[in-house]
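Notes to accompany the following structure.
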Amino acid sequence: MKKTMSLPKLFVVGDSISVGYSPPLQKMTEGDFQFYGRKTGMEEALKNLDIPLGSNIGDSSMVLNYLQTMLTKSDWRPEVLLLNCGLHDIKTKDGKIQIPIEDYRKNLKNIVKLLADNGINPIWVRTTPVEDEQHNSGQKDFKRYSKDLDKYNAAADEIMNAAGIKMIDLHTFTASLGKGKEIYRDHVHYHPEIEARQAAYIAGFLQVYCANLQEK
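Take my numbering: the last position of the sequence shown gets the number 555, and nothing is skipped along the way.
See the structure below:
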């Protein structure tokens, strides 16, 4: 049996989708990691998943700021960092997108460099699908569009591939599970059974990843 101290440290930085799959993921990965952490404030995040509060990290600018803060702490150096942002970036209100794609690219490049400079190699989680009708008929404060999500996912793919960062294609996996109300409990968040399947998909990837870490 592995000693606890030999297990890699896992930390999650992500939006409200990760808030949903984090509890089952934590259970599924017990014994594989030294600890399971994420930005604190799960209860605060759950009050309104559309607002980046507590554990809901928000857009790419917020992720960059958060990581800059965390890296000032000498004891924060997770071996496994699950990382995602995108859904908040593509929020559109009055025809204006929250984080324009060139700013999104710049933020991701800065995030990748920041982590590399500190010896952290993240695993990127591709942003989950948006269905225009499902989302925009159920959310009146802002819009999201699948065409924007596709562009932002493609930008992230390009940056992560260029940096040699491994990716978990949660987007394609989630799209394979169904559409509309059969997977969504509201405009963009998923039923608990879908969140559990997302967690299982991520856990399977991490088990292989961790096995490779242990061999090095």
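A virtual CB, placed ideally from N, CA and C, is assigned to each residue, including glycine.
Taking the alpha-carbon positions, what's the residue i to residue j distance?
i: Val351; j: Tyr375; result: 8 Å
i: His530; j: Arg524; result: 5 Å
i: Lys486; j: Asn492; result: 10 Å
i: Leu509; j: Phe372; result: 21 Å
i: His474; j: His526; result: 4 Å
i: Phe512; j: Arg536; result: 9 Å
i: Gln365; j: Ala542; result: 9 Å
Secondary structure at residue i, three-state DSSP: helix, strand or coil?
i: Glu418; result: coil
i: Val527; result: coil
i: Ile429; result: coil
i: Ile504; result: coil
i: Leu516; result: coil
i: Lys445; result: helix
i: Ile436; result: strand
i: Leu349; result: strand
Out of the options, point me to the one whose CA is closest to residue i's CA.
i: Leu453; options: Ser394, Gln537, Tyr405 and Leu545; result: Tyr405
i: Asp414; options: Lys348, Leu364 and Gly517; result: Lys348
i: Ile498; options: Ile440, Asn457, Arg483 and Leu426; result: Ile440
i: Asn395; options: Glu532, Gly359, Leu364 and Gln407; result: Gly359
i: Met457; options: Thr411, Asn475 and Arg444; result: Position check: residue 457 holds Asn in this sequence, whereas Met was assumed. It is Thr411 whose Cα lies nearest to the Cα of Asn457.
i: Asp398; options: Asp428, Ala542, Ile522 and Met506; result: Asp428
i: Glu472; options: Val464, Lys482, Arg465 and Thr466; result: Lys482
i: Ala495; options: Asn423, Gly353, Asp354 and Leu385; result: Asn423
i: Leu488; options: Ile436, Asp433, Val469 and Asn387; result: Val469
i: Gly503; options: Val451, Ser476 and Tyr548; result: Val451
Ignore the nearest five residues each way along the sequence and tell me which others in residue i's own chain have a CB closer than 8 Å to its CB.
i: Lys612; result: It is not possible to answer for residue 612, since the shown part of the chain is limited to 340 through 555.
Just to confirm my understanding: we take residue i, look at its own chain, exclude 5 residues before and 5 after, and list those with CB closer than 7 Å. What are they?
i: Glu534; result: Gly359, Tyr360 and Pro363
i: Glu383; result: Leu392 and Gly393
Ignore the nearest five residues each way along the sequence and tell me which others in residue i's own chain have a CB closer than 6 Å to its CB.
i: Ile557; result: For the chain, the structure presents residues 340 to 555; residue 557 sits outside this window and is missing.
i: Glu418; result: Pro347 and Lys348
Q.
Please give the ranges of any beta strand (DSSP E) in the segment 453-484, keeping only runs that are unbroken, at least 3 residues long and fully inside the region.
A. 462-464
Q: Quick one: which unbroken beta strand (DSSP E) runs of 3-plus residues sit fully inside the segment 357-407? Chain order, please.
A: 375-377
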